[in-house]
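Contents: one structure, followed by commentary.
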Amino acid sequence: MKKLLLIFITAIFVSCGNKQSELTETRKTVLVELSKKEILNRLKSPSTAKFVDSTANILKLKSEDTLSSYRLTISVDAENTYGAMTRNKYMVIFKDQGGDSLSANNYKVTNVFD
Numbered sequence: 004m005k006k007l008l009l010i011f012i013t014a015i016f017v018s019c020g021n022k023q024s025e026l027t028e029t030r031k032t033v034l035v036e037l038s039k040k041e042i043l044n045r046l047k048s049p050s051t052a053k054f055v056d057s058t059a060n061i062l063k064l065k066s067e068d069t070l071s072s073y074r075l076t077i078s079v080d081a082e083n084t085y086g087a088m089t090r091n092k093y094m095v096i097f098k099d100q101g102g103d104s105l106s107a108n109n110y111k112v113t114n115v116f117d
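Just add 3 to wherever you are in the sequence shown, counting from 1, and you've got my numbering.
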């Protein structure tokens with residue numbers, strides 16, 4: 004009986020952990036797509052852009068108010084003004100608007116740095 008109870012409790016913890024991981028990955032996907040749109044608007048030749056998604060990194064920033072902020076860094080290869088392919092790293096800061104955390108409409112871009 005104790006073994007059965009232990010297995011049941013372990014299964015609950017494992018399933019909860021997987022759900023949190025899925026939510027985090029979905030939020031990352033939303034923020035990466037929003038970042039790509041914002042960065043493409045800033046490039047000299049957006050049609051040549053190739054994003055290096057494997058370099059995307061999200062960090063939740065400390066905030067003074069109750070709404071969260073996130074910093075996403077991502078690299079992009081694109082042609083510059085002279086036609087040479089260059090790799091640049093961008094940092095995009097998002098502010099959570101307090102709605103559905105998996106919706107693109109929930110985040111507002113506050114800054115973009117290259």
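C-beta: ideal position from N, C-alpha, C; glycine also.
Pick out whichever of the options has its Cα sitting closest to the Cα of residue i.
{"i": "V95", "options": "T89, E28, V79 and G101", "result": "V79"}
{"i": "K47", "options": "E82, N60 and N114", "result": "E82"}
{"i": "V3", "options": "T69, L62 and K39", "result": "Shown here, the chain extends from 4 to 117; a query on residue 3 therefore has no answer."}
{"i": "T58", "options": "L75, T113 and K65", "result": "L75"}
{"i": "P49", "options": "S104, N91, L105 and V112", "result": "N91"}
When DSSP labels each residue in this structure, what does residue i get in the three-state scheme?
{"i": "R90", "result": "strand"}
{"i": "T51", "result": "helix"}
{"i": "C19", "result": "Reliability fails at C19, whose pLDDT of 48 lies under 50, so the model's placement of it is uncertain and no value is given."}
{"i": "L105", "result": "coil"}
{"i": "E41", "result": "helix"}
{"i": "E67", "result": "coil"}
{"i": "L62", "result": "strand"}
{"i": "N75", "result": "Reading the sequence as shown, one finds Leu at residue 75 and not Asn. Strand at L75."}
{"i": "T113", "result": "strand"}
Look at residue i and residue j and say whether their C-beta atoms are less than 8 Å apart.
{"i": "Y85", "j": "D99", "result": "no"}
{"i": "G101", "j": "L70", "result": "yes"}
{"i": "F97", "j": "L34", "result": "yes"}
{"i": "L43", "j": "A52", "result": "yes"}
{"i": "A107", "j": "L37", "result": "yes"}
{"i": "E67", "j": "V112", "result": "no"}
Report all residues from its chain with a CB closer than 7 Å to the CB of residue i; omit the five preceding and five following residues, and keep chain order.
{"i": "N114", "result": "I96"}
{"i": "R45", "result": "V115"}
Spatial neighbours of residue i within its chain, please: C-beta separation below 6 Å, excluding the five flanking residues on both sides.
{"i": "N60", "result": "T76"}
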